[in-house]
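Written below as structure tokens is the structure these notes are about.
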Amino acid sequence: MSAASQPIRNRGETTPPAPTHVGIIMDGNGRWAAARGVPRALGHKAGAEATRRAIEAAGELGVSWLTLFAFSSENWRRPADEVRDLTGLMRHYLRHEVGQLVEQGVRLRIIGDRSAFGPGMQAEIEQAETVTAGNARLNLNVALSYGGRAEIAKAAGALARRAAAGEIDPASIDEAALAAHLDTAGMPDPDLIIRTSGESRISNFLLWQCAYAELVFQPVLWPDYGAEHLREAVAEFHRRDRRFGARTG
Ligand code: IPE
Ligand code: IPE
Ligand code: MG
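Here the sequence shown stands for residues 14 to 262, numbered as in this note's numbering.
Put into structure tokens, the structure is as follows:
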């Protein structure tokens, strides 16, 4: 076939669709700072810049849902000054980045135990969620004071209370009922979970939801993360054969 008679490639047909929901365990800020001999706080600040880049890159790739693990329920165990630095950065983000999210068509939701934060921060969370509620290009979940086990235990408690009150039949409690009481109720499960920094563990992130997620571990430290790393992770996702327990051949 001559070049002239070859069909014009339609990008939409040749590029596989992006994973619908990507989760990222943003790890390695401390090691990034240590490698430079600078305080950990600067690693977290550089990590916040990487977060901005990842949100933009996810939107451009056509990802519909992005869940970022920013602060775990176990991260409260860190020294008080580090917790202060991290919560300060989160508040700064909530106050100053929301306009940018609106411009990018991003709807922000916070998952996790927001009652662990002070009333000022809780009000800022609500405000940011309200201001971005009308956006639909990219759904962004930021997991703050989040732990997968705590989330599942809370859902089980809510179901138990409803059963004890006679609102639901205990025999009707199934996977869908439990999923409907998680912070991620109504959201699709993650297709791809990325962890940076070379650690190969889940660290209590989206335990229920990750049942059939493809896991991609990248050696890059989070502050160095850029659009090219997200593209690489998505390319790796496309090389995987997802069987969900069934057989393809
Ligand atoms: C990720 O970086 C940020 C949080 C967990 C809050 P770390 O602070 O865990 O960095 P490392 O793992 O010590 O390098
Ligand atoms: C997981 O990272 C939590 C976040 C990225 C927010 P950690 O650095 O806290 O996890 P471990 O301690 O290495 O498992
Ligand atoms: Mg870490």
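We put the beta carbon where it would ideally sit given N, CA and C, even for glycine.
Exercise for the section: Compute the Euclidean distance between the alpha carbons of P203 and A226, then round it to the nearest angstrom. Expected result: 6 Å
Practice task
Confirm, please, whether the CB-CB distance from S85 to A129 is below 8 Å.
Solution key: no
Exercise for the section: Round the Cβ separation of S210 and R44 to the nearest angstrom and send it over; I've been treating them as touching at under 8 Å. Expected result: 6 Å
Problem - Unbroken beta strand (DSSP E) run spanning Y159, endpoints - result: 151 to 159
Practice task
Spell out a yes or no on whether the region 163 to 172 and the region 129 to 141 are touching, meaning 3 or more CB-CB pairs, one atom from each, closer than 8 Å.
Solution key: no
Practice task
Could you tell me whether any non-hydrogen atom of ligand 3 is closer than 7 Å to the CB of G43?
Solution key: yes
Exercise for the section: Mark M14 as exposed unless 16 or more other C-beta atoms lie within 10 angstroms of its C-beta, in which case mark it buried. Expected result: With a pLDDT of 36 at M14, under the threshold of 50, the modelled position of this residue cannot be trusted; read the value that follows with caution. Label assigned to M14: exposed.
Exercise for the section: Assess, as a yes-or-no matter, whether the region 191 to 208 is touched by the region 28 to 48 under the definition of 3 or more beta carbon pairs within less than 8 Å. Expected result: yes
Handout entry: Cα-Cα separation, A61 to R150
Key = 21 Å
Problem - Assigned secondary structure, A83 (DSSP; H/G/I helix, E/B strand, else coil) - result: strand
Problem - Residues near R162 in its chain [Cβ-Cβ closer than 7 Å; skip 5 each side] - result: N217, L220
Problem - Close Cβ partners of L107 (< 7 Å) along its chain, the five nearest in sequence each way excluded - result: E137, I138, A141
Handout entry: Cβ-based neighbour list, D196, same chain, cut-off 6 Å, excluding 5 preceding and 5 following
Key = I124, E164
Practice task
Quick one: grab the DSSP three-state call for F230.
Solution key: strand
Practice task
Please go through the region 100 to 167 and give each complete alpha helix (DSSP H) segment of 4 or more residues, from N-terminal end onward.
Solution key: 111 to 116, 132 to 144
Handout entry: Inter-residue spacing [alpha-carbon to alpha-carbon] between L74 and Q113
Key = 18 Å
Practice task
Assign R175 to one of three DSSP states: helix, strand, or coil.
Solution key: helix
Handout entry: Near ligand 2: I206 beta-carbon under 7 Å from a heavy atom
Key = no
Practice task
Please state whether DSSP places V76 in a helix, a strand or coil.
Solution key: coil
Handout entry: Neighbour-count burial assignment, G56, 16 or more Cβ in a 10 Å radius
Key = buried
Problem - Backbone secondary structure at G68 - three-state DSSP - result: For the sequence presented, residue 68 should be read as Ile rather than Gly. Helix at I68.
Handout entry: Cβ-heavy atom distance, E95 to ligand 2, below 7 Å
Key = no
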